[in-house]
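Here the protein sequences line up with chains E and R, keeping their order.
492 is the number that the numbering used here gives to position 143 of the first sequence; each next residue is one higher, with no gaps.
408 is the number that the numbering used here gives to position 59 of the second sequence; each next residue is one higher, with no gaps.
Even glycine gets a Cβ: it sits at the ideal position worked out from N, Cα and C.
Contents: one structure, followed by commentary.
Number of protein chains: 2
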Amino acid sequence: MTAKQAIEFFEPSPRLLMGPGPSGAHPSVLAAMGMPIIGHLDPDFLRLMDECRTMIRGVFQTNNQFTLATPGTGTSGMEAAVMNMLEPGDHAIIGTCGYFGGRIVEMAERTGAKVTRVDAEWGTAIEPETIRDVAKQNQPVKLIAIVHAETSTGVQQPIEPISEIAKEFEALLLIDCVTSLGGIPVKADEWEADILYSGTQKCLSAPPGASPITLSEKAVQALSERKTLPNTWYLDLQKLEAYWDNRRAYHHTSPISMLYALHRALAITLAEGLENRWERHERNGKALQNGLEALGLELLAKEAVRLPVLTTVRIPESIDGDLLKSELLTNFSTEIAGGLGNLKGKIWRVGLMGESSTPDNVLFFLSAFGLLLRKHGFKADVTAALDSAAKTLNV
Amino acid sequence: MTAKQAIEFFEPSPRLLMGPGPSGAHPSVLAAMGMPIIGHLDPDFLRLMDECRTMIRGVFQTNNQFTLATPGTGTSGMEAAVMNMLEPGDHAIIGTCGYFGGRIVEMAERTGAKVTRVDAEWGTAIEPETIRDVAKQNQPVKLIAIVHAETSTGVQQPIEPISEIAKEFEALLLIDCVTSLGGIPVKADEWEADILYSGTQKCLSAPPGASPITLSEKAVQALSERKTLPNTWYLDLQKLEAYWDNRRAYHHTSPISMLYALHRALAITLAEGLENRWERHERNGKALQNGLEALGLELLAKEAVRLPVLTTVRIPESIDGDLLKSELLTNFSTEIAGGLGNLKGKIWRVGLMGESSTPDNVLFFLSAFGLLLRKHGFKADVTAALDSAAKTLNV
């Protein structure tokens, strides 16, 4: 390629992001991304890292010293958690009622540990008793892993009963909080959870590219007792912590701009107040769900375990789900997603995360989606949907 | 943490980045980072990915189909390369004449492959014959790995002779181009190299956070013939390629903003023209090096293998190297780095990479550094240094 073939400046179409992530970022977070680069060992940057650590502890509600952000997307946090906590000879029980639970299994199997998956129907949560039964028959259990908010099904897993089982069998408790952190209550210390990680591009509303993670003292102890080195060098948690703590040992060149953005997004999250933020996500999510049902649609996730931040909607038999999704993008520049794995072609996934979780987006979405459904012959009652949402929103 | 304890907006001090990376980013690259987020499967974003692939091929000078950017810093490219190409039963020979060669060894050892390191004194390049000797005694050889530009020593490794050996023993040739790509000639196809990766924050002058990587057909064939799955799931190259190619199979949420920046930085690099860009780095680097010698300082890297983009300077016995480095930061807001590993406390590392490689920075640096040396009693002749640099710069 020569200068003459140089590619033009890329300008993304403005989008309303109502898929399973990324969500829309606050303008101040985007502005932070554009600040000049400084070095990864610059005193200013080390202060930023310290403040990020403090704020990550804040959103996870933990006092864990061992807290940082891995230099990669949410999946890098999952890989760091799984590959560092497991090694050959370990036994792990992994709850799987969706695509992301299955991903933890795939990663865990690459460590050489023995892995037992405990399944539940997609759209439901894992029954704690099924985990207890497996644990009884396979002691000792090194690790029990569970997804808090399953992005593929819209299900919220109740954590307390799983935490009880982990204590009973003296297992480490690993919780995937990619889609939950900053949107629904995550209480690391109260749950006595040992390893929790998240993404930046869901309810924290930063761009994708880092993964907040925190380890309890018990997890840190387990790290130090490993007999083998972790599979991964890039995401070796002990090496990462040696950079994030006062040793400042060089490991990788931190994604500087990404941490500017994460810092700003965490500050915005904590300034809103976690309780307020959870309440906002709960209210908007519920309004959307009530509205969708009033449109005549059926939701996949059972009501008792339904996530407010990510709603899974069954595609009616008469409707081409991909076509509607694509018309929403083309006509209204609004992104939603289809189903993953078993649910491909069967559901839409509609997110209301972080900055994207607003009453405006609820009302707009019900209007636009209702219109498109009607265009394709599905008799959606848009007035009823808006009435129902407005009642929940109290507007 | 509550709203009242919310942390203030972070503003980095403006810095002149003349360390081993990150380098300064072009304002247009920074502006690209601040653009609104779109989805990782958005048609606009897929187009951006395609254009990035084309441009990454351009800077690597290759026609390799299998070309992408891993979702992490340069070290993630190294991990992807090493962990995907090696498995138990393989034998790898790794040239090590600096910190980063040693890092490849550490990663390779985690794959379970047999690893032979071939060392050379830090400050020199690897003697090809030493690799040939090891290869003869340990056939078959799966992989020969070498660092093109060793960021810890400032040495440029001649690639052609290593390439000859790889062909002779039918081994895959892996080249670390983190510090070379966009700054000195990298010619993947001409070298018949099989796996090459780089970073974004060195001579490409984007922020850190992605790693361009390219694989020859032979390397792709080797991937498909693996007997075991790679250690890593996050950086599993076959999964990454399935997202980057037309399959668009979901694997991770791409670091959207980082790819905006990479796209812009690649376009700027190719618009300048690779030959022009190499010539610029060569001229400015040589001017700095001549100036430093005229100041009375000694360079670590032997002249025949001296990198223009990263200069290693021996700290004179009478000088406290850390103090001088810190004064440069405090008084002139200019970053350079100290030595890594064996060279800690013994050298400074001064970078002239990408946007940071300008005649202005050469002259400013010689002036400021000369003044600080004089302040600490080292009789530096600043006039002679500027004269010498100006002569090389032809100004």
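Does residue i pass the burial test, meaning 16 or more other C-beta atoms within 10 Å, or should it be called exposed?
i: residue 669 (chain R); result: exposed
i: residue 577 (chain E); result: exposed
i: residue 406 (chain E); result: buried
i: residue 351 (chain E); result: With a pLDDT of 45 at residue 351 (chain E), under the threshold of 50, the predicted position of this residue should be treated as unreliable, though the coordinate-derived value follows. When all chains shown are included, residue 351 (chain E) counts as exposed.
i: residue 674 (chain E); result: buried
i: residue 528 (chain E); result: buried
i: residue 408 (chain R); result: buried
i: residue 358 (chain E); result: exposed
i: residue 371 (chain R); result: buried
i: residue 353 (chain E); result: Model confidence at residue 353 (chain E) stands at a pLDDT of 46, short of 50, so the residue's coordinates are unreliable; what they give is reported in the following sentence. So residue 353 (chain E) counts as exposed.
i: residue 711 (chain E); result: buried
i: residue 525 (chain R); result: buried
i: residue 596 (chain E); result: exposed
i: residue 462 (chain R); result: buried
i: residue 416 (chain E); result: buried
i: residue 486 (chain R); result: exposed
i: residue 736 (chain R); result: exposed
i: residue 444 (chain R); result: buried
i: residue 672 (chain E); result: exposed
i: residue 679 (chain R); result: exposed
i: residue 396 (chain R); result: exposed
i: residue 709 (chain E); result: exposed
i: residue 437 (chain R); result: exposed
i: residue 744 (chain R); result: exposed
i: residue 543 (chain E); result: buried
I'd like the span of the beta strand (DSSP E) that includes residue i, first residue to last.
i: residue 465 (chain E); result: 463-468
i: residue 418 (chain R); result: 415-419
i: residue 699 (chain E); result: 696-700
i: residue 440 (chain E); result: 440-445
i: residue 525 (chain R); result: 521-525
i: residue 717 (chain R); result: Element bounds for residue 717 (chain R): not the beta strand (DSSP E) but the alpha helix (DSSP H), 708-724.
i: residue 575 (chain E); result: Taken as a continuous stretch (DSSP letters only), residue 575 (chain E) belongs to no beta strand (DSSP E), as it is neither H nor E.
i: residue 544 (chain R); result: 544-546
Which whole-angstrom value is the C-beta distance of residue i and residue j, which I expect to be below 8 Å?
i: residue 556 (chain R); j: residue 380 (chain R); result: Rounded, the Cβ-Cβ distance is 12 Å, inconsistent with contact.
i: residue 701 (chain E); j: residue 649 (chain E); result: At roughly 16 Å, the Cβ-Cβ gap does not stay under 8 Å, so residue 701 (chain E) and residue 649 (chain E) are not in contact.
i: residue 429 (chain R); j: residue 592 (chain R); result: That belief does not hold up - the Cβ atoms of residue 429 (chain R) and residue 592 (chain R) are roughly 13 Å apart, past 8 Å.
i: residue 646 (chain R); j: residue 632 (chain R); result: Not really, about 20 Å apart at Cβ, beyond 8 Å.
i: residue 535 (chain R); j: residue 414 (chain R); result: About 18 Å separates the two Cβ atoms, so there is no contact after all.
i: residue 615 (chain R); j: residue 427 (chain R); result: Contact doesn't hold; Cβ gap of about 20 Å is too wide.
i: residue 387 (chain R); j: residue 362 (chain E); result: 7 Å
i: residue 419 (chain E); j: residue 589 (chain E); result: 6 Å
i: residue 378 (chain R); j: residue 613 (chain R); result: 5 Å
i: residue 425 (chain E); j: residue 560 (chain E); result: 5 Å
i: residue 471 (chain R); j: residue 447 (chain R); result: 6 Å
i: residue 572 (chain E); j: residue 491 (chain E); result: About 12 Å; that fails the 8 Å criterion.
For a test of your reading of the model: does the CB of residue i fall under 7 Å from any non-hydrogen atom of the ligand ATP? Yes or no.
i: residue 484 (chain E); result: For the ligand ATP, the structure offers nothing, since it holds no ligand at all.
Got a sec, what are the start and stop residues for the alpha helix (DSSP H) residue i sits in?
i: residue 377 (chain E); result: 376-382
i: residue 477 (chain E); result: 477-486
i: residue 405 (chain E); result: 392-409
i: residue 626 (chain R); result: 623-643
i: residue 560 (chain E); result: Element bounds for residue 560 (chain E): not the alpha helix (DSSP H) but the beta strand (DSSP E), 560-564.
i: residue 428 (chain E); result: 423-434
i: residue 745 (chain E); result: As shown, chain E starts at 350 and ends at 744. That puts residue 745 (chain E) outside it, with no answer to give.
i: residue 592 (chain R); result: 586-593
i: residue 513 (chain E); result: 509-517
i: residue 360 (chain R); result: No alpha helix (DSSP H) holds residue 360 (chain R); DSSP gives it neither H nor E.
i: residue 452 (chain R); result: 448-458
i: residue 731 (chain E); result: 731-742
Looking only at DSSP bridge pairs, what is residue i linked to?
i: residue 496 (chain E); result: E:525
i: residue 473 (chain E); result: E:471
i: residue 663 (chain R); result: R:696
i: residue 684 (chain R); result: R:366
i: residue 673 (chain R); result: None; residue 673 (chain R) has no bridge partner.
i: residue 655 (chain E); result: E:504
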